[in-house]
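> All residue numbers for the sequence shown refer to my numbering, where the first residue is 186 and numbers rise by one.
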Amino acid sequence: MPEDIDVGSFRLAIRDNVETPLSLTVDNILKDYERVEIAAVCLCAGSGRSYFQPRVLGPQWGNGAMGNARWAGVRLRDVLDGAGTKAGSVQVRFAGLDQAIFPEAPQFIASLDLDHARDGEVMIAFGMNDEEIPYLNGFPLRLIVPGWSSVYWIKMLSDIEVLTKPDDTYWTARGYHVPTEPFASVGAGVREGFQLEKVTAIFPRSIVTNLQDGAQVASGKPIELRGIALGGDAGVKSVDYSLDGGKSWRPARLGADYGKYSFRGWSANVTFDTKGPAGVMLRCTNLDGVAQPMQRTWNPAGYMWSSVETRTLDVV
186 MPEDIDVGSF
196 RLAIRDNVET
206 PLSLTVDNIL
216 KDYERVEIAA
226 VCLCAGSGRS
236 YFQPRVLGPQ
246 WGNGAMGNAR
256 WAGVRLRDVL
266 DGAGTKAGSV
276 QVRFAGLDQA
286 IFPEAPQFIA
296 SLDLDHARDG
306 EVMIAFGMND
316 EEIPYLNGFP
326 LRLIVPGWSS
336 VYWIKMLSDI
346 EVLTKPDDTY
356 WTARGYHVPT
366 EPFASVGAGV
376 REGFQLEKVT
386 AIFPRSIVTN
396 LQDGAQVASG
406 KPIELRGIAL
416 GGDAGVKSVD
426 YSLDGGKSWR
436 PARLGADYGK
446 YSFRGWSANV
456 TFDTKGPAGV
466 MLRCTNLDGV
476 AQPMQRTWNP
486 AGYMWSSVET
496 RTLDVV
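1. Identify whether L149 lies in helix, strand or coil by the three-state DSSP scheme.
2. When burial is assigned at 16 or more other CB atoms within 10 Å of the CB, is F457 buried or exposed?
3. Residue range of the beta strand (DSSP E) that A453 falls in?
4. For Q380, write down the residues that DSSP places opposite it in a beta bridge.
5. Which class does K422 belong to by DSSP, given the choice of helix, strand or coil?
6. Report yes if the CB atom of R411 is closer than 9 Å to the CB atom of C469, and no otherwise.
7. Nearest-angstrom Cα distance between G440 and W451?
8. Thinking A419 and N471 are a contact (beta carbons under 8 Å), I'd like their distance in whole angstroms, please.
9. Look up V264 in the DSSP assignment and say whether it is helix, strand or coil.
10. Tell me the rounded alpha-carbon separation between L299 and V221.
11. Starting from L207, trace the beta strand (DSSP E) in both directions and tell me its first and last residue.
12. Going by DSSP, what residues sit across from C469 in a beta bridge?
13. How would you call P331, buried or exposed, if buried means at least 16 neighbouring beta carbons within 10 angstroms?
14. From which residue to which residue does the beta strand (DSSP E) around L328 run?
15. Less than 8 Å between the CB atoms is what I'm expecting for K460 and V500, so what's the real figure, rounded?
16. I'd like to know if the region 361 to 376 and the region 477 to 488 are in contact, where contact means that at least 3 CB-CB pairs between them fall below 8 Å.
17. Would S404 be called buried (16 or more neighbouring beta carbons within 10 Å of its own) or exposed?
18. Assuming T497 and G399 make a contact with CB atoms under 8 Å, what is their CB distance in whole Å?
19. Return the bridge partner residues of N253 from the DSSP annotation.
20. Drop a sphere of 10 angstroms on the beta-carbon of D353, count the other beta-carbons inside from all chains shown, and report buried for 16 or more, exposed for fewer.
21. How big is the Cα-Cα spacing for V277 and R435?
22. Which ranges does the beta strand (DSSP E) cover as unbroken runs of at least 3 residues, wholly within the region 305 to 373, from first to last along the chain?
23. Note the first and the last residue of the continuous alpha helix (DSSP H) segment covering D442.
24. For D425, count the other beta carbons within 10 Å of its own beta carbon; 16 or more makes it buried, fewer makes it exposed. Which is it?
25. State the DSSP-derived secondary structure class of A414, mapped to helix, strand or coil.
26. Buried or exposed: R449, going by 16 or more other Cβ atoms within 10 Å of its Cβ?
27. Please identify the residue among G430, N454, T385, R359 whose C-alpha is closest to the C-alpha of K406.
28. Which two residues bound the contiguous alpha helix (DSSP H) that contains A302?
29. By the 10 Å Cβ neighbour count, where 16 or more other Cβ atoms means buried, how is F279 classified, buried or exposed?
30. Would you check if there are 3 or more beta carbon pairs closer than 8 Å linking the region 267 to 274 to the region 199 to 209?
31. Does the separation of the CB atoms of V226 and G252 fall below 9 Å?
32. Flag this pair as yes or no: are the beta carbons of D344 and L197 separated by less than 9 Å?
33. Name the two residues that bound the continuous beta strand (DSSP E) containing L242.
34. Going by beta carbon distance, what residues of the same chain come within less than 7 Å of L342, once the five residues before and after it are set aside?
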């Protein structure tokens, strides 16, 4: 990552198969295009990798590597229209100011099909939670692809290239691929015999945030469980919890709705009458009817964890 970025000399290039190549300043982005906002979760494809059994290589994330923010910026579609995409355009490729650590390693870049890039939701953001985007979050401009893995959320966005053929560079053609099976899961330990596709939309997730595994709670006294849920590329329809290992489910209360790509809070009042270990299972269902699966996610790369999780409490 560059150690210093001079906003005065910074430029965002829009080039290749366009009528008018552009070199935009941050001031151009701020003043020349309509401002829009969206709340959206940024989630790493490897979030939840530590839950994979058997273990797979890579950073052993739990329910981390994710965050929710209100992003301010301009529609990518409007910027592309300003350059004028020529006939024959099929994809749009994005690169930032960060570079690979080793000379022989490929630069991290990402591509979207042209229709997706122009859907009116993909954004070039300059703001995050009513402030300019912090340096470590992608200052001065960041690509926002709501509902999709952060693989596509290029930081320090500096180059937009309109392509006339599918992108064949490493991170699009080979990197960040998962099995085509439902929820990208092929069964524990299976490493071959399946087809792959690019990581795209994230799956529903739900998490208890106010109690950790092993937390002590008093028997016979009501407690409040709280947490967050996300619907992936669709809004949260419901969050349900089970206290009997998934035999029966009860609805949790949903908090404020900040949009279909945002976290949504949930809460539930429960009472444990029997002392000893007690499990709380959570399941989010999104507005498309996709619910977290009961079976454990597994693929060789450790991507796209989405399974129903159990928080084990100690009732005393």
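Every residue, glycine too, gets a C-beta built ideally from N, C-alpha and C.
Reading it off the structure:
1. Limits of the chain in this structure are 186 at one end and 501 at the other, which puts residue 149 out of reach.
2. Here residue 457 refers to the residue found at position 272 when the sequence shown is read from its first residue. Buried is the call here.
3. The sequence position of residue 453 within the sequence shown is 268, counting from 1. Note, A453: beta strand (DSSP E), 449 to 455.
4. Numbered from 1 along the sequence shown, position 195 holds the residue referred to as residue 380. Its beta-bridge partners do not exist; DSSP assigns none.
5. What you label residue 422 is simply residue 237 of the sequence shown in a count that begins at 1. Note: K422 maps to strand in three-state DSSP.
6. On the sequence shown, position 226 is the one that residue 411 refers to. On the sequence shown, position 284 is the one that residue 469 refers to. Contact: no.
7. Locating residue 440 in the sequence shown gives position 255, counting from the first residue. Locating residue 451 in the sequence shown gives position 266, counting from the first residue. Roughly 5 Å separates the two Cα atoms.
8. Here residue 419 corresponds to residue number 234 of the sequence shown, with the count starting at 1. Here residue 471 corresponds to residue number 286 of the sequence shown, with the count starting at 1. Right, their Cβ atoms sit about 4 Å apart.
9. Here residue 264 is taken as the residue at index 79 of the sequence shown, counted from 1. Of the three classes helix, strand and coil, the one that applies to V264 here is helix, per DSSP.
10. In the sequence shown, residue 299 corresponds to position 114, counting from 1. In the sequence shown, residue 221 corresponds to position 36, counting from 1. So the two alpha carbons sit approximately 20 Å from each other.
11. As a position in the sequence shown, residue 207 is number 22, starting the count at 1. First-last of the beta strand (DSSP E) with L207: 207 to 209.
12. Against the sequence shown, residue 469 aligns to sequence position 284. For C469, which the question treats as bridged, DSSP gives the partners V424.
13. Mapped onto the sequence shown, residue 331 falls at position 146. Buried, because 16 or more other Cβ atoms sit within 10 Å of the Cβ of P331.
14. Mapped onto the sequence shown, residue 328 falls at position 143. That run of the beta strand (DSSP E) goes 327 to 329.
15. Taking the first residue of the sequence shown as position 1, residue 460 is located at position 275. Taking the first residue of the sequence shown as position 1, residue 500 is located at position 315. Yes, they are in contact, since the Cβ atoms of K460 and V500 sit about 5 Å apart, within 8 Å.
16. yes
17. Here residue 404 refers to the residue found at position 219 when the sequence shown is read from its first residue. So S404 ends up on the exposed side.
18. Here residue 497 is taken as the residue at index 312 of the sequence shown, counted from 1. Here residue 399 is taken as the residue at index 214 of the sequence shown, counted from 1. Going by Cβ atoms, the distance from T497 to G399 rounds to 7 Å, so yes, they are a contact pair.
19. The residue labelled residue 253 in the question sits at position 68 within the sequence shown. Beta-bridge pairing links N253 to V226.
20. Position 168 of the sequence shown, counting from 1, holds the residue named residue 353. By the neighbour-count rule (16 or more Cβ atoms within 10 Å), D353 is not buried but exposed.
21. The count along the sequence shown starts at 1 and reaches residue 277 at position 92. The count along the sequence shown starts at 1 and reaches residue 435 at position 250. So the alpha carbons of these two residues sit roughly 44 Å apart.
22. 308 to 313, 327 to 329, 342 to 348, 362 to 364
23. Position 257 of the sequence shown holds residue 442. Run containing D442: none; DSSP gives neither H nor E here.
24. Here the question's residue 425 lines up with position 240 in the sequence shown. Label assigned to D425: buried.
25. Position 229 of the sequence shown, counted from the first residue, corresponds to residue 414. Residue state, collapsed to three classes: strand.
26. Taking the sequence shown and counting its residues from 1, one reaches residue 449 at position 264. Its Cβ being crowded by 16 or more others within 10 Å, R449 is buried.
27. To locate residue 406, count along the sequence shown from 1; it is residue 221. The residue with the shortest Cα to Cα distance from K406 is N454.
28. Your numbering for residue 302 matches position 117 in the sequence shown. Per DSSP, A302 belongs to the alpha helix (DSSP H) from 299 to 302.
29. To locate residue 279, count along the sequence shown from 1; it is residue 94. Label assigned to F279: buried.
30. yes
31. Here residue 226 refers to the residue found at position 41 of the sequence shown. Here residue 252 refers to the residue found at position 67 of the sequence shown. In contact: V226 and G252 (Cβ atoms closer than 9 Å).
32. Locating residue 344 in the sequence shown gives position 159, counting from the first residue. Locating residue 197 in the sequence shown gives position 12, counting from the first residue. Yes, the pair counts as a contact, with Cβ atoms nearer than the cut-off.
33. Walking along the sequence shown from the start, residue 242 turns up at place 57. L242 -> no beta strand (DSSP E), and no H or E assigned at all.
34. As a working mapping, residue 342 is identified with position 157 in the sequence shown. Here the set comprises L197, F279, G281, I309, L326, R327, L328.
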